[in-house]
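Read the structure below first, then the notes.
2 protein chains.
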Amino acid sequence: MTTRMTQHLTTHELDSPPWLRVETTLMATARLVRQAFDCRLATLDLNLTQASLIAYVAEFGATSQTRLADHLGIGRAAIGTVIDQLQRRGVVERTPDPNDRRVWRVDVTDKGRAMAGDIAEVDEVLRAELRYGIGREERQALAWVMTRLQHNVDAAIDRTTHPATTVSSSPDPQPPT
Amino acid sequence: MTTRMTQHLTTHELDSPPWLRVETTLMATARLVRQAFDCRLATLDLNLTQASLIAYVAEFGATSQTRLADHLGIGRAAIGTVIDQLQRRGVVERTPDPNDRRVWRVDVTDKGRAMAGDIAEVDEVLRAELRYGIGREERQALAWVMTRLQHNVDAAIDRTTHPATTVSSSPDPQPPT
DNA sequence: GCAATACTGTATGACGTCGTACAGTATGTG
DNA sequence: CACATACTGTACGACGTCATACAGTATTGC
Chain A
1 MTTRMTQHLT THELDSPPWL RVETTLMATA RLVRQAFDCR LATLDLNLTQ ASLIAYVAEF
61 GATSQTRLAD HLGIGRAAIG TVIDQLQRRG VVERTPDPND RRVWRVDVTD KGRAMAGDIA
121 EVDEVLRAEL RYGIGREERQ ALAWVMTRLQ HNVDAAIDRT THPATTVSSS PDPQPPT
Chain B
178 MTTRMTQHLT THELDSPPWL RVETTLMATA RLVRQAFDCR LATLDLNLTQ ASLIAYVAEF
238 GATSQTRLAD HLGIGRAAIG TVIDQLQRRG VVERTPDPND RRVWRVDVTD KGRAMAGDIA
298 EVDEVLRAEL RYGIGREERQ ALAWVMTRLQ HNVDAAIDRT THPATTVSSS PDPQPPT
C-alpha cells in the first residue's frame, strides 16, 4: 500500500562511474521514471504494475493471467498476487473461462473501470510533464535506439545462455532514415 | 549468489499498450540491460550491484558506505548488506576511518583488485555487443534525451511531493546541436 | 481411447531493495 | 563547556519480484 517516495539524489548523471555509461544512465532514468509513476499513482493507492494491469484490462477486456504477465513483463507467479490484491479491493474480478477450465478470465469491475479513467488521466498528465522540452523526433529517435538496443541485449543474453551457436546477427531494424 | 537468468519474452516492443509508450520501452529496455549484465557477471558469481561496487572502489580507492550508496543509486541500508557479502568473500575490506569514528573506509583486497579486472573485461565485451549497429552520435543523442528526461522526472517528482510551489522549470540542458 | 507432452495458475522460499527507527559520533551554537 | 542538530552505519520488517515445484487441465500422437 504505502508506496516508496524517497528520492536518491542519483549523483551519476554524467559523472558516470568509468565503466558503464549510457547503460547506467538508462537504468537510472528508468528507475526514476518508475518512481515518478508510482509517486503520482500513490494518490490512487496503486503502484505502476497494478495501474498497468487495470488499464490493460479496461482497454482490452478479460484476459488470462499468463497473457497479462507477458504483457506487463513480470512472471506468472507475481501477476497472481497482484490480481489477488486488486480482487480483494473489488477493482478486478476473476471468472472461469468456459473453454478452458485451467484459466481465469480477469476483468475490471465497474469500480475498476472508473479507476481506469483516473489512471489514464494521471498518466496523460505525467507523460506530458516528462516530455517537456523533448521534441517528437527526438522521442522517436530514442524509441528507435532503444528498440535496437533491446535487440542487441536479447542477442547478448542468448549468446550467454547457449553460447555454442554462431548467432546470425539479426534482421536489422531499419535506421531512422 | 544464484543470479536470475530467465528471459521474459517481453512482448511489448512497440505493440506498446496504449498508455505508456516510450516510457514503457525505456523501462523494459533497462530491465533487459540489467539482466544481460547480471547474466554475464554470473560467471564471476556477482550481480550488477556487487560488480559496480568493486569496480568503483578499485578505481577510486577506499570510500565511505554512504558515498558508495549514493554512487550506486541504492540506499544506505542496502549497501551495507552488499558490502557484508563481499567482505565475507574476501573481496573487499572495511577499515575504520581515522578521522571519523562513525565511518568505514571500504576498499578492495588484492583478490578484489583481480576481480575488478575480470569485471572490466566482461563489461567491455558486453558493452561492445550492446552497441552493435548503434552509431556514436545516436548514443549521444540518447544520452542527452535521457538526461533531459531525468531532469523532467525530478521536477515531476518534486511537484508531487511538495505541490505548492510553482516550480521555475529548470536551466535547460543545451540541445544536442 | 490413452499415454505423453504442454500449458495454467498457485504455493513456497529466496533475493534485493526499501523505509523507518536507532545508537554512536561530529559539528555547530549558546 | 553543554547542548542541539546532523550525519553514519545497522537492525528490522515490509514489499515486489523471481525460480522452482506442483496439481489440474488441454492437446497431440499413436
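Sequence lines, in order, name chains A and B.
Just so we're aligned: the first sequence equals residues 1 to 177 in the working numbering.
Just so we're aligned: the second sequence equals residues 178 to 354 in the working numbering.
By construction, the Cβ of each residue, glycine as well, lies at the ideal position given by its N, Cα and C atoms.
All of these numbers come straight from a predicted model, not from anything done at the bench.
- Among the bridge pairs identified by DSSP, Trp104/A is matched with Pro96/A.
- Counting only runs that start and end inside the segment 33–67 of chain A, the alpha helix (DSSP H) elements of at least 4 residues fall at 48–60.
- For the pair Leu41/A and Leu32/A, the CB atoms are not nearer than the 9 angstroms cut-off.
- Residue nearest to Gly250/B within the set Val103/A, Asp118/A, Met27/A and Arg94/A is Met27/A (criterion: CA-CA distance).
- Looking at the backbone, the Cα of Arg94/A and that of Gly75/A are separated by about 18 angstroms.
- Using a Cβ distance threshold of 9 angstroms, Val259/B and Met292/B do not count as a contacting pair.
- Any Cβ of chain A closer than 9 angstroms to the Cβ of Leu221/B would place that residue at the interface, and such an atom is absent.
- In the three-state reduction of the DSSP assignment, Val82/A falls in the helix class, which pools H, G and I.
- In the structure shown, Val91/A falls within a coil segment according to DSSP collapsed to helix, strand and coil.
- Within the same chain, Cβ atoms closer than 7 angstroms to the Cβ of Arg211/B are found at Leu225, the five residues on either side in sequence being excluded.
- Close CB contacts of Ala62/A within its chain, under the 8 angstroms cut and outside five residues either way in sequence, are with Thr95, Arg105, Val106 and Asp107 (chain order).
- The continuous alpha helix (DSSP H) containing Gly294/B extends over residues Asp287 to Arg308.
- Annotated three-state conformation of Ile334/B is helix, per DSSP.
- Listed by position along chain A, the residues whose Cβ is nearer than 8 angstroms to that of Asn329/B are Glu129, Leu130, Arg131, Tyr132, Gly133 and Ile134.
- With a 10 Å radius around the Cβ and a threshold of 16 neighbouring Cβ atoms, Gly257/B comes out exposed.
- Val153/A places its beta carbon 9 angstroms or farther from that of Ala318/B.
- Distance from the Cα of Gln242/B is smallest, within the candidate group Phe214/B, Arg279/B, Ala228/B and Cys216/B, for Arg279/B.
- Going by beta carbons, His151/A and Gly310/B fall inside the 9 angstroms limit.
- Not a single CB atom of chain B sits nearer than 9 angstroms to the CB of Thr109/A.
- Cα atoms of Ala255/B and Ala228/B: separation of roughly 15 angstroms, rounded to the nearest angstrom.
- In terms of Cβ geometry, Glu59/A and Arg304/B do not form a close pair [threshold 9 angstroms].
- When the beta-carbon positions are compared, Glu298/B and Ala155/A stay at least 9 angstroms from each other.
- Chain-ordered, the chain A residues with CB closer than 7 angstroms to the CB of Met323/B read Thr25, Leu26 and Thr29.
- Closest by C-alpha distance to Gly289/B, out of Tyr233/B, Thr220/B, Phe214/B and Thr202/B, is Tyr233/B.
- Spanning the alpha carbons of Leu44/A and Val302/B requires a straight line of approximately 44 angstroms.
- Around the beta-carbon of Asp247/B, 16 or more other beta-carbon atoms lie within 10 Å, marking it buried.
- Apart from the 5 residues on each side of it in sequence, Thr286/B sits with its Cβ closer than 7 angstroms to the Cβ of Gly267, Val268, Val269 and Glu270 in its chain, given in chain order.
- Against Ala239/B, chain A offers no close residue; the least beta-carbon distance is about 16 angstroms (beta-carbon pairs closer than 8 angstroms).
- Taking all protein chains in view, the Cβ of Asp300/B is crowded by 16 or more other Cβ atoms within 10 Å, so the residue is classified as buried.
- A straight line joining the alpha-carbon of Ile157/A with that of Cys216/B spans about 7 angstroms.
- Interface with chain B (9 angstroms Cβ-Cβ cutoff): Gly117/A is excluded.
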